[in-house]
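For reference, the structure is listed below as structure tokens.
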Amino acid sequence: MSSQKVNVGLLGLGTVGGGVAQLLLQEKQRLSDYLGAELVLAKAVDLRPELAAEAGLAPDLFSSDASEILADPEIDIVVEMIGGLDPARGFILEAISQGKQVATANKALLASHGAEVFEAARRQKVGVAFEASVGGGIPLVRSLRDSLAANQINSCLGILNGTCNFILSRMTAQGEPFAQVLAQAQAKGYAEADPYMDVEGYDTAHKLAIVAALVTGSQPKLEDIPTEGISQITPLDIQLAGEFGFRVKLLAILNNAGNGAVEARVHPALVAEDHLLASVQGPFNALHIDGDWVGQVLLHGRGAGREPTASAMVGDVLDLARDVITGCPGRVPPLGTARQGGGVLELAPLANAMCRYYFRFTAQDRPGVLARISRVLGDNDISIQAVIQKGRRDIGPVPIVMLTHRAQEAAVKRALNEIDSLEMIAEPTMLIRVA
Ligand SMILES: NC(=O)c1ccc[n+]([C@@H]2O[C@H](COP(=O)([O-])OP(=O)(O)OC[C@H]3O[C@@H](n4cnc5c(N)ncnc54)[C@H](OP(=O)(O)O)[C@@H]3O)[C@@H](O)[C@H]2O)c1
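Under our numbering, think of the first position of the sequence shown as 1, with each following residue one higher.
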């Protein structure tokens, strides 16, 4: 090994940062041998000093002041793992302005300020790596950025939130309602105390914004990504979807819709039981990619957690360290493409999207209901592929479940508005799109 050193500073020693510190300390020899230079954990910063000892850090390597890393000219690589927008954004921009390489796991920051960070890195000729920000330990950022760069990507379908996939898998297996399974997920540590960002789809939308930027070189505005979560999904819908041969998954969907139009959206979707994504269970994540030369690719693995995320972060550190050693930091632009100023990615309106639909109507059990619903659908160019009408109950409304052929979202919304206003319809209709 050469006598060269690469010094690394860690911002944050929480779940991810603690794992990165442990990995860098425990595997220092192996990682340095691999790199051909000494990989040194030079300093770690957190607001909670007790985390230093938990990660096995010597007291002199710890500080609660980020400027001890950001202003230290000896530190080559800054690894940001404090999360949130501020002060993480300021720390990253400061590190870049000091000519340091940056690795970050911060999907929320990159989804909203990625273009600013990437442009700053391009100007300073430094690298920014973010493998852990989408899919935790799954190497999907580098796969899209490098390994699949020769392809036009036709579509990406992702299960990118382990909390939602755990909840839906459990609801499928046990037939239990959402709220009960959410409480179990919280008890097992698969869901946050405040699960809003996860279960309402916003965490998945952050990750989809990053995937869209990697695929197209431009970043969509987060507020332009139609986002629906899983809190309205019932065990009945999961059971009925199963009768049609589908599983219910929360999907991040990126589609090349032709003529330069790009669709990006997050919502629960019916996935055919024989699709590769249908078998992604529990807290696992996966990204299904369709490229014009490669065909179909499935990346699958652990999408969160201390060890998988540390694996991705240290992979980024090694990659950035290589560029430090060879004297060519910023060799690979953050999104891969050399095209500058990708601008904002304009998304095709959801109203134009075409797909198949699952509808669950809740209707009074009386003659003529099915004919009436069918007429409204027909008037809106929505043709029915299959129907399940559940047997007569002694009292109360009954579910009528339909699967449609491909239809346009705007027409579907028009038809459901009309159907839901019929006096024979007892509840708002449940709509789930088919992937
Ligand atoms: N956890 C995962 O599995 C996972 C997976 C992929 C990506 N990520 C991303 O990784 C990042 C970190 O997540 P995490 O789960 O490790 O969070 P975490 O456990 O909350 O750790 C963050 C740590 O940073 C500290 N911190 C906050 N502000 C600071 C400041 N100004 N200076 C120094 N330290 C500060 C926090 O201290 P306090 O607690 O006192 O605020 C906490 O100890 C987030 O962007 C997250 O989205 C996480």
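No residue lacks a Cβ here, since even glycine has one placed at the ideal position from N, Cα and C. Owing to the predicted nature of the structure, the values given are computational and were not obtained by experimental measurement.
CB residue i to CB residue j, shorter than 8 Å?
{"i": "T429", "j": "R356", "result": "no"}
{"i": "G201", "j": "E223", "result": "no"}
{"i": "H267", "j": "K107", "result": "no"}
{"i": "M402", "j": "A103", "result": "no"}
{"i": "S231", "j": "V181", "result": "no"}
{"i": "L464", "j": "L35", "result": "Outside the displayed range of the chain (1 to 435) lies residue 464, so it cannot be described from this structure."}
{"i": "G342", "j": "Q239", "result": "no"}
{"i": "L335", "j": "A213", "result": "yes"}
{"i": "I77", "j": "Q101", "result": "yes"}
{"i": "A66", "j": "L11", "result": "yes"}
{"i": "L250", "j": "L168", "result": "yes"}
{"i": "G9", "j": "K43", "result": "yes"}
{"i": "L270", "j": "A435", "result": "yes"}
{"i": "A209", "j": "F246", "result": "no"}
{"i": "L347", "j": "E427", "result": "no"}
{"i": "I373", "j": "I400", "result": "yes"}
{"i": "T404", "j": "Q385", "result": "yes"}
{"i": "E74", "j": "N151", "result": "no"}
{"i": "I153", "j": "V280", "result": "no"}
{"i": "P333", "j": "R122", "result": "yes"}
{"i": "N161", "j": "T204", "result": "yes"}
{"i": "P329", "j": "V79", "result": "no"}
{"i": "I325", "j": "Q4", "result": "yes"}
{"i": "L39", "j": "L51", "result": "no"}
{"i": "R331", "j": "N380", "result": "no"}
{"i": "G303", "j": "G189", "result": "no"}
{"i": "V211", "j": "L144", "result": "yes"}
{"i": "I382", "j": "A407", "result": "yes"}
{"i": "L41", "j": "L13", "result": "no"}
{"i": "R389", "j": "L370", "result": "It should be pointed out that residue 389 corresponds to Gln in this sequence rather than to Arg. Going by C-beta atoms, Q389 is nearer than 8 Å to L370."}
{"i": "S112", "j": "L85", "result": "yes"}
{"i": "A185", "j": "A191", "result": "yes"}
What are the partner residues of residue i, as DSSP defines its beta bridges?
{"i": "G295", "result": "G291"}
{"i": "R360", "result": "V401, M430"}
{"i": "S155", "result": "N255, D290"}
{"i": "T104", "result": "E80"}
{"i": "F118", "result": "Answer is none; F118 lacks a bridge partner."}
{"i": "M446", "result": "In the structure as shown, the chain begins at 1 and stops at 435. Residue 446 is therefore absent and cannot be evaluated."}
{"i": "E263", "result": "N255"}
{"i": "P268", "result": "L250"}
{"i": "F284", "result": "R302"}
{"i": "N7", "result": "V40"}
{"i": "V128", "result": "V102"}
{"i": "I441", "result": "Lying before the first or after the last residue shown, residue 441 is absent from the chain, which here runs from 1 to 435."}
{"i": "I425", "result": "A363"}
{"i": "V344", "result": "Q219"}
For the candidate residues the options, whose alpha-carbon lies nearest to that of residue i?
{"i": "N285", "options": "P268, L277, A37", "result": "L277"}
{"i": "M81", "options": "P73, F91, P195, E423", "result": "F91"}
{"i": "Q22", "options": "I400, A410, A310, A348", "result": "A310"}
{"i": "V344", "options": "K43, E263, P235, A115", "result": "A115"}
{"i": "A187", "options": "F166, I400, T172", "result": "F166"}
{"i": "R265", "options": "D379, V280, C156", "result": "C156"}
{"i": "I425", "options": "R366, M171, N259", "result": "R366"}
{"i": "D316", "options": "F244, D203, E131", "result": "E131"}
{"i": "Q340", "options": "E273, I253, T204, G217", "result": "G217"}
{"i": "G282", "options": "G258, T163, E176", "result": "T163"}
{"i": "D323", "options": "A129, F244, G368, L41", "result": "A129"}
{"i": "R432", "options": "G83, T234, Y190", "result": "It should be pointed out that residue 432 corresponds to Ile in this sequence rather than to Arg. It is T234 whose Cα lies nearest to the Cα of I432."}
{"i": "S64", "options": "A58, I75, D46, A71", "result": "D46"}
{"i": "P349", "options": "H288, D292, E409", "result": "E409"}
{"i": "D72", "options": "E94, E176, Q296, V294", "result": "E94"}
{"i": "L254", "options": "G175, P195, G291, T172", "result": "G291"}
{"i": "E307", "options": "A55, V387, D33, R48", "result": "A55"}
{"i": "L377", "options": "A411, V117, G301, V398", "result": "A411"}
{"i": "P139", "options": "A321, G301, E423", "result": "G301"}
{"i": "S2", "options": "D33, D237, P49", "result": "D33"}
{"i": "Y358", "options": "V248, I225, G368", "result": "V248"}
{"i": "T15", "options": "E423, G305, V387", "result": "G305"}
{"i": "M354", "options": "G258, A183, K28, Q124", "result": "G258"}
4 or more residues per run - each alpha helix (DSSP H) lying fully within the segment 167–240: Whole alpha helix (DSSP H) segments, 4+ residues: 178–188, 196–199, 202–216.
Minimum length 3: unbroken beta strand (DSSP E) runs contained in the segment 21–68: Runs of the beta strand (DSSP E) inside the segment 21–68: 38–45.
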